[in-house]
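Inspection log for the structure reproduced underneath, given as structure tokens.
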Amino acid sequence: MVLIKKSFVLFSPSKLASARGVLNRLYSSNVDVPKFETLAVSVPSKNVFHVELNRPKQLNTFSKIMWKELGVCFSSLSDNPECRVIVLSGQGKHFTAGIDFNSLLEETSKAEEFDDVARKAKVLNALATYCQDSISSLELCLKPVLAVVHNACIGAGVDLITAADMRYCTQDAWFQVKEVDLGLAADVGTLQRLPKVVGNTSTVREWCFTARKVQSKEASDLGLVTQVYPDKDTALQQVLEIAKSIASKSPVAVQMTKKSLVYSQSRPSQEGLEHIKLINQVMLQSEDLKKAAMATATKTETEFDNL
Numbered sequence: 433m434v435l436i437k438k439s440f441v442l443f444s445p446s447k448l449a450s451a452r453g454v455l456n457r458l459y460s461s462n463v464d465v466p467k468f469e470t471l472a473v474s475v476p477s478k479n480v481f482h483v484e485l486n487r488p489k490q491l492n493t494f495s496k497i498m499w500k501e502l503g504v505c506f507s508s509l510s511d512n513p514e515c516r517v518i519v520l521s522g523q524g525k526h527f528t529a530g531i532d533f534n535s536l537l538e539e540t541s542k543a544e545e546f547d548d549v550a551r552k553a554k555v556l557n558a559l560a561t562y563c564q565d566s567i568s569s570l571e572l573c574l575k576p577v578l579a580v581v582h583n584a585c586i587g588a589g590v591d592l593i594t595a596a597d598m599r600y601c602t603q604d605a606w607f608q609v610k611e612v613d614l615g616l617a618a619d620v621g622t623l624q625r626l627p628k629v630v631g632n633t634s635t636v637r638e639w640c641f642t643a644r645k646v647q648s649k650e651a652s653d654l655g656l657v658t659q660v661y662p663d664k665d666t667a668l669q670q671v672l673e674i675a676k677s678i679a680s681k682s683p684v685a686v687q688m689t690k691k692s693l694v695y696s697q698s699r700p701s702q703e704g705l706e707h708i709k710l711i712n713q714v715m716l717q718s719e720d721l722k723k724a725a726m727a728t729a730t731k732t733e734t735e736f737d738n739l
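Its first residue numbered 433, the sequence shown is counted upward by one per residue in the working numbering.
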């Protein structure tokens, strides 16, 4: 049960979700929100955007249109000054059941139009690049992306969340690197990012070689997710509060922090240090530094301009 201030009325989780939906519409009506076929985008609070996978009848499986729209969505939000933080979740029963096989077979069949192996390979290479770029758009987005997983997160879903900055899940969540069961190696980011996220290559290889289900407790124990919540409503409520906290901070500081973290994760420490030094030669001249210092000194809150 949650107490809503001012009204002093206790709301059940279902009524709270309804109230949250009203607030989403109110904030979204005042902000330019992109429209998509396979994604639902709303603005639940100032500078916080909520992106939901929106193919619930298809268990949020990745169709060709979804691959495209994910890339377009996160690229556009990266450039949108009103957006400072993004929360990613899925509508319906599952976060995502992975790739849409009908869509995959349709796309891979285009290679059969050619007899020559080089030309077949070029078609398949373009398809893989298309999907990789879609997932990488989360990592390249300057705004922090907070993923909230409930129930199943299979195959391409693992690719997706490992490209996010922070991951949270519900107790009923489970994760599966499913590709080996389908006769292929994961090629959209899991094999490259999951070892860095978890930090235990032996465990990651077991997950990838066996395609076994990983339950929420194990995922939490090994660092795949930061926190496990009892249900989806609670998870979204708590993660949206975390997002609000991040959004209240200097967008210069937050965005450059992400930029440095992403740049440094696959490079030597000294190269990362040189990179952030170049960034801060400019960013330390920002008005945000003075505002934040004054707020700290006076123990008051301050607001930062959009970036």
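Note that CB positions come from ideal geometry on N, CA and C, so glycine has one too.
{"Query": "Of the listed residues LEU537, VAL517, PRO700 and ASP613, nearest to CYS640 (C-alpha basis)", "Result": "ASP613"}
{"Query": "Touching by the beta-carbon criterion (3+ pairs, under 8 Å), the segment 643 to 662 and the segment 603 to 610", "Result": "yes"}
{"Query": "Whether LYS575 touches VAL504 by CB criterion (8 Å)", "Result": "no"}
{"Query": "For SER508, the first and last residue of its enclosing beta strand (DSSP E)", "Result": "Not the beta strand (DSSP E): SER508 falls in the alpha helix (DSSP H), residues 496 to 511."}
{"Query": "Cβ distance (whole Å) where LEU578 is taken to contact ASP597 below 8 Å", "Result": "7 Å"}
{"Query": "Nearest to PRO476 (by Cα), restricted to the options GLU514, ASN492 and LYS500", "Result": "GLU514"}
{"Query": "Stretch pair the segment 720 to 738 + the segment 681 to 689: three plus CB contacts closer than 8 Å", "Result": "yes"}
{"Query": "Top-ranked residue by Cα proximity to ARG625, from LEU536, VAL609 and LYS676", "Result": "VAL609"}
{"Query": "Rounded straight-line distance, which links the Cα of LYS478 to that of SER652", "Result": "30 Å"}
{"Query": "Three-state class that DSSP yields for HIS526 in the structure shown", "Result": "coil"}
{"Query": "Meets three-Cβ-pair contact criterion under 8 Å: the segment 622 to 636 and the segment 670 to 677", "Result": "no"}
{"Query": "Closest residue to SER508 among LYS467, LYS554 and LYS664 (Cα-Cα distance)", "Result": "LYS467"}
{"Query": "Which residues DSSP lists as bridging TRP606, in chain order", "Result": "ALA584 and GLN647"}
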